[in-house]
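To start, the structure itself, in C-alpha cells.
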Ligand SMILES: Cc1cc2nc3c(=O)[nH]c(=O)nc-3n(C[C@H](O)[C@H](O)[C@H](O)COP(=O)(O)OP(=O)(O)OC[C@H]3O[C@@H](n4cnc5c(N)ncnc54)[C@H](O)[C@@H]3O)c2cc1C
C-alpha cells in the first residue's frame with residue numbers, strides 16, 4: 018500500500034515526525050528495528066527531557082511510541098536497506114519487501130560502525146547486508162553472520178534453516194574480508210572462517226548506503242532549516258543530522274521534518 022510519508026527509524030526523532038505528519042492529516046508508516054534495540058533503551062535514567070524527568074530510556078521510548086500509535090501512525094518492524102526514487106514516489110526496501118511513499122523522513126540515529134576492510138570492495142560479491150534477501154544464493158554453503166542484535170540472530174537462524182553452515186560472530190570489534198574476485202574468508206577478532214558470503218547485519222546503515230548521493234557533512238546528513246536533505250522529498254531528523262545527540266533535539270527536529278514532509282506531499286497533490 019502506498020503511504021504519504023515513510024519514516025525510517027522509530028526513535029524519538031522518527032516518532033515525533035510521525036506524530037506531526039498525522040497532525041497534518043497525512044498517513045505515515047514508521048519502519049524500524051525493534052524498540053528494545055534502540056540505543057536509548059539501555060539508558061538507566063533520562064533526566065533532561067522536558068516534562069518527563071526520571072524515566073528510564075525504555076519507559077521514555079514506550080511512552081513516545083504509544084503517543085505515535087495513538088496519533089494513528091502505522092508501524093512495521095524491519096531494517097531498511099535502501100531507497101530509490103521513481104517518478105513522484107520513493108520506494109524503500111525492507112529486507113526483501115518494498116514500501117512506497119511520496120516523502121521520506123530519515124531518522125535512523127547514528128550509524129556508529131565504520132566499514133570493515135574489504136566490505137565495500139566485496140559488497141554484492143560475497144558481502145551482503147540482508148540474509149533474507151540474498152540467503153538463497155548461498156543455500157547449503159558455508160557463510161558467516163556478523164551480528165549486533167537479536168534480529169541478526171533470527172536472520173542467522175533463517176540461513177541455518179535453508180542449509181547454510183553458519184559461523185556467527187557476535188558483536189566483534191574488528192573484521193576483515195579477504196578474497197579474490199569474490200569474498201572467500203572473513204577474520205573477526207582473530208578468528209577466521211572460509212565462507213561463500215559474509216552477512217554484515219548492523220542495526221543502522223550509513224545514510225549514504227541507504228540513499229546513494231545524499232549530501233553529508235562531517236559524517237552527518239546535511240539539512241536546511243526545514244530539515245530538507247539534498248534529495249527532493251527526503252527529510253532528516255535527530256542524531257543522523259549531527260549533535261547535540263540528545264532526545265530533545267531529536268524530538269524537535271522530528272517535528273520540523275514531519276511538518277515539512279506533510280507540506281511536501283500536499284504541494285505535490287496541488288501540482289497534479
Ligand atoms: C546509553 C545512552 C544513554 C543516553 N542518555 C541520554 C539522556 O539522558 N538524555 C538525552 O537527551 N539523550 C540521551 N542519549 C542519546 C539519545 O538516545 C539520542 O540522542 C536519541 O535517541 C536520538 O534519537 P533518534 O531518533 O535520532 O535516533 P535513535 O534513538 O538512535 O533511533 C533511531 C532508530 O532507527 C533504527 N534504524 C536505524 N537505521 C535503520 C534502518 N536502516 N532500518 C530500520 N531501522 C533503522 C535504529 O535501530 C533506532 O532504533 C543516550 C544514549 C545512550 C546510548
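Numbering (the numbering used here), first residue to last: 18 to 289.
Think of the CB as a built atom: it goes at the ideal place given N, C-alpha and C, for glycine as much as any other residue.
May I ask you to report which of helix, strand or coil DSSP gives residue i?
i	result
residue 279	helix
residue 208	strand
residue 119	strand
residue 153	helix
residue 91	strand
residue 173	helix
residue 268	helix
residue 19	strand
residue 127	coil
residue 135	coil
residue 262	coil
residue 286	helix
Between which two residues does the alpha helix (DSSP H) carrying residue i extend?
i	result
residue 141	Unbroken run through residue 141: none, as it is neither H nor E.
Per DSSP, residue i forms a beta bridge with which residues?
i	result
residue 164	187 and 218
residue 111	97 and 114
residue 196	200
residue 103	106
residue 159	182
For my contact list, residue i and residue j are in at a C-beta cut-off of 8 Å; report their separation, rounded to the angstrom.
i	j	result
residue 227	residue 277	With a Cβ gap of about 19 Å, residue 227 and residue 277 do not count as contacting.
residue 189	residue 206	5 Å
residue 33	residue 275	7 Å
residue 237	residue 257	7 Å
residue 124	residue 255	5 Å
Margin query: If we require 4 or more residues per run, which alpha helix (DSSP H) segments fall completely within the stretch 221-253?
Written below: Given a length threshold of 4 residues, each whole run of the alpha helix (DSSP H) inside the stretch 221-253 is given here in chain order: 224-227.
Next item on the list: Could you tell me which uninterrupted alpha helix (DSSP H) segments, each at least 4 residues in length, are contained entirely in the stretch 23-85, listed from first to last along the chain?
Entry: Positions of the alpha helix (DSSP H) runs, each at least 4 residues long and wholly inside the stretch 23-85, are given as 29-40 in order along the chain.
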